[in-house]
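Chains as they are written, first to last, in the working numbering: chain R, 1 to 253; chain L, 254 to 345. Working notes, beginning with the structure itself.
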Amino acid sequence: MGMGRRLALIFKSKANKALDRAEDPRETLDYSYQKQLELLTKVRRGVADVATSRKRLEIQMQQLQVSADKLQAQAQQALGAGREDLAREALTRRATVNQQLADLQTQHAQLQAEEEKLTNASQRLQVKIDAFRTRKETVKATYTAAEAQAKIGEAMSGISEEMGDIGMAMQRAEDKTQQMQARAGAVDELIASGALDDASQPLGGRDDIQAELDRVGASGDVELELAKLKGELPAGQAPQALPEAEKQGEAEK
Amino acid sequence: MIVRILGEGQLDVPDAELESLNALDDALQSAVEADDDGGFTTALAALLSRVRQAGKPVPDAEIVPSDLVLPSPDASLAEVRELLGDEGLIPG
Chain R
1 MGMGRRLALI
11 FKSKANKALD
21 RAEDPRETLD
31 YSYQKQLELL
41 TKVRRGVADV
51 ATSRKRLEIQ
61 MQQLQVSADK
71 LQAQAQQALG
81 AGREDLAREA
91 LTRRATVNQQ
101 LADLQTQHAQ
111 LQAEEEKLTN
121 ASQRLQVKID
131 AFRTRKETVK
141 ATYTAAEAQA
151 KIGEAMSGIS
161 EEMGDIGMAM
171 QRAEDKTQQM
181 QARAGAVDEL
191 IASGALDDAS
201 QPLGGRDDIQ
211 AELDRVGASG
221 DVELELAKLK
231 GELPAGQAPQ
241 ALPEAEKQGE
251 AEK
Chain L
254 MIVRILGEGQ
264 LDVPDAELES
274 LNALDDALQS
284 AVEADDDGGF
294 TTALAALLSR
304 VRQAGKPVPD
314 AEIVPSDLVL
324 PSPDASLAEV
334 RELLGDEGLI
344 PG
């Protein structure tokens, strides 16, 4: 027996079991309908959960992108100041950030596909449930219990199969979402630990590369000011030692 | 013949296709039994694309059981194994 057939039988035996257990198959129809509505609610909640996870990933991706851009700018600034070591450090960190970013992008694509599948499934389920309700009311109104038993087999099998399928899709989406959330949490921790520069902190926030760059910039300014002051001294007048130092100099002669 | 691709929905496939589908389905089963991951992925992709090609989607409002239920395209060998062994997935 082929695999597809074995899978089909699993679905069928489930539905048949439910029917065989029933004293009045018309009650089984109502019960099944309740279950369908519950599942639909769950699927909709599932879609919302996946969307939330996707949005969280998007925010993290934005943060990481800002981080990467900032490190790139810092590398340029460091090179401009002649600090190749700092530039190297900034670029190394940027590579880490870019790696994270690429990972998140892959996950984001997966999550988006999951969300789309689940959205389609929930729409399909909605239509099937409506059709089932119509069928169920017809069967209940027209047939005795014994007749109903014969009449509803197909609808029960069909809807039970649909629910099984969607139940599985839900499970997969939930598993994926949980994995993403765990990873998203890990990225948050990385950012918090300072291993990745938290680009989301206010602009006044300082990282060590920035602090070093500022220091380099500041000492550069001091040198510049000094040179300027020296240039302003009257021409031909050599810098004079202080009188005190002069006396000391004479004493030493 | 009604064929379900898990996660995608049902397709109505002409009965004339049955033989070629069964051959592909058998190849899939052999891969499962041989625990051949690569063979499984290839066989599954071949089977699914044949079904999509030959079948036309069953309208959403139609409630019919499938004659054949196939794993979703991204299913792994382990997942399918679990599917065949697990009965707890179908509510009600």
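Ideal Cβ positions, reconstructed from N, Cα and C, are used throughout, including at glycine. As the structure is a computational prediction, the values presented were derived from the model and not from experiment.
| query | result |
| --- | --- |
| Starting from residue 265 of chain L, trace the beta strand (DSSP E) both ways and give me its first and last residue. | 262-265 |
| Apart from the five residues on each side of it in sequence, which residues of its chain come closer than 8 angstroms, Cβ to Cβ, to residue 51 of chain R? | 115 |
| Run through chain L and tell me which residues come within less than 8 angstroms of residue 186 of chain R, C-beta to C-beta. | Under the 8 angstroms cutoff, chain L gives no residues; its nearest Cβ is about 24 angstroms from residue 186 of chain R. |
| For residue 108 of chain R, which residues in the same chain have their Cβ closer than 8 angstroms to its Cβ, ignoring the five residues on either side in sequence? | 54, 57, 58, 61 |
| Less than 7 angstroms between the CB of residue 100 of chain R and some heavy atom of the ligand MG, yes or no? | What this structure holds is no ligand at all, so the ligand MG is not there to describe. |
| Buried or exposed for residue 334 of chain L, going by 16 or more other Cβ atoms inside 10 Å? | exposed |
| Taking residue 353 of chain L as part of the beta strand (DSSP E), name the residues at either end of that continuous run. | Because chain L here runs from 254 to 345, residue 353 of chain L falls outside it and cannot be looked at. |
| Are the C-beta of residue 319 of chain L and some C-beta of chain R separated by less than 8 angstroms? | yes |
| Which runs of the alpha helix (DSSP H) at least 4 residues long sit entirely within the region 120-199 of chain R? Give them in chain order. | 145-193 |
| Mind pulling the chain L residues with CB within less than 8 angstroms of residue 180 of chain R? | Those do not exist, as residue 180 of chain R stays about 16 angstroms from chain L at its closest Cβ, beyond 8 angstroms. |
| Around the C-beta of residue 164 of chain R, are 16 or more other C-beta atoms found within 10 angstroms, so that it is buried, or is it exposed? | buried |
| Considering only DSSP beta bridges, list what residue 59 of chain R is partnered with. | Note: residue 59 of chain R sits in no beta bridge, so no partner. |
| Since residue 301 of chain L meets chain R, which of its residues come closer than 8 angstroms, beta carbon to beta carbon? | Chain R residues near residue 301 of chain L: none, gap ~10 angstroms exceeds 8 angstroms. |
| What are the residues in the region 18-47 of chain R lying within 7 angstroms of chain L by C-beta distance? | 18, 31, 32, 35, 39 |
| If you reduce the DSSP assignment to three classes, tell me which class residue 310 of chain L lands in. | strand |
| With DSSP run on the structure shown, which of helix, strand or coil describes residue 259 of chain L? | coil |
| For residue 14 of chain R, is the classification buried or exposed, using 16 other Cβ atoms within 10 angstroms of its Cβ as the cut-off for buried? | buried |
| Do residue 296 of chain L and residue 270 of chain L have their C-beta atoms within less than 8 angstroms of each other? | no |
| Does the beta carbon of residue 122 of chain R sit closer than 8 angstroms to a beta carbon anywhere in chain L? | no |
| Compile a chain-ordered list of the residues in the region 274-291 of chain L whose CB is closer than 7 angstroms to at least one CB of chain R. | 275, 278, 279, 281, 282, 285 |
| Output the boundary residues of the alpha helix (DSSP H) element that contains residue 219 of chain R. | 208-232 |
| Could you name the residues of chain L that residue 157 of chain R contacts, counting a contact when the two beta carbons are closer than 7 angstroms? | 318 |
| Residues in its own chain within less than 7 angstroms of residue 319 of chain L by CB, not counting five upstream and five downstream? | 255, 256, 257, 263 |
| Over the uninterrupted alpha helix (DSSP H) stretch that includes residue 284 of chain L, give me the two end residues. | 271-286 |
| Rounding to the nearest angstrom, what Cα-Cα distance links residue 323 of chain L and residue 26 of chain R in this structure? | 31 angstroms |
| Take residue 118 of chain R as the anchor and find which of R/74, R/41, R/179, R/47 has the nearest alpha-carbon. | R/47 |
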